[in-house]
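Only one structure is covered here, and it is reproduced in the block below.
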Amino acid sequence: MKFPAGDLFIFAFFLIGTLFVGIAYYIYHSHQQLVKNGIMTKGVVISMHRMNPHEYPVAPSIRYRIQDGRELVFHSSEGRNPPAYQIGEEVTLYYDPKNPEHVELDGDYLMVYVMGGIGSVFLLLSIWEIGSSTVAIWKWAFMR
18 MKFPAGDLFI
28 FAFFLIGTLF
38 VGIAYYIYHS
48 HQQLVKNGIM
58 TKGVVISMHR
68 MNPHEYPVAP
78 SIRYRIQDGR
88 ELVFHSSEGR
98 NPPAYQIGEE
108 VTLYYDPKNP
118 EHVELDGDYL
128 MVYVMGGIGS
138 VFLLLSIWEI
148 GSSTVAIWKW
158 AFMR
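Numbering (the working numbering), first residue to last: 18 to 161.
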């Protein structure tokens, strides 16, 4: 019996899709936990920064005040083109009271959408053939 390379490829698509959807769920759950257990505050976009010097997507830097009165600056790692925020815009964010540098912007689910979308595509492409692929792999591995 020959090695089922095509079937193994489909199975790999399924595993990759599952991994990406799992990562999306983890990001979403972490965000929701911070919203639930964190402290909501308002911040002001003070500047926009590029993620890499030669790329256009820009991300906001936001000044916010924590409960003890200190002001901190959060540099978002999610850049967009066109920018999602304007300098001077007020935004809602949540921070961890035990670690005030751990910040999430309200409604910022870009990475959830990206990871979930990619994972869904991989899963959908693999679902069509996963049943027969699994059978072929098991036959190859255990019934030689």
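C-beta: ideal position from N, C-alpha, C; glycine also.
query: Nearest to residue 79 (by Cα), restricted to the options 54, 128, 141 and 122; result: 122
query: Distance, residue 59 Cα to residue 134 Cα; result: 30 Å
query: Coil, strand or helix - residue 47 by DSSP; result: helix
query: Whole-angstrom distance between residue 76 and residue 97, CA atom to CA atom; result: 6 Å
query: Pairwise C-alpha distance: residue 89 and residue 116; result: 12 Å
query: Span of the beta strand (DSSP E), counted from its first residue to its last, around residue 78; result: 75-82
query: Under the three-state DSSP convention, the category residue 160 falls into; result: coil
query: C-beta atoms of residue 29 and residue 136 nearer than 8 Å; result: no
query: Expected contact under 8 Å - CB spacing of residue 120 and residue 62 to nearest Å; result: That belief does not hold up - the Cβ atoms of residue 120 and residue 62 are roughly 13 Å apart, past 8 Å.
query: 7 Å CB neighbourhood of residue 102 in its chain, flanking five on each side removed; result: 62, 77 and 108
query: Of the listed residues 23, 36 and 45, nearest to residue 129 (C-alpha basis); result: 45
query: Option nearest residue 95 by Cα separation, candidates 68, 124 and 86; result: 68
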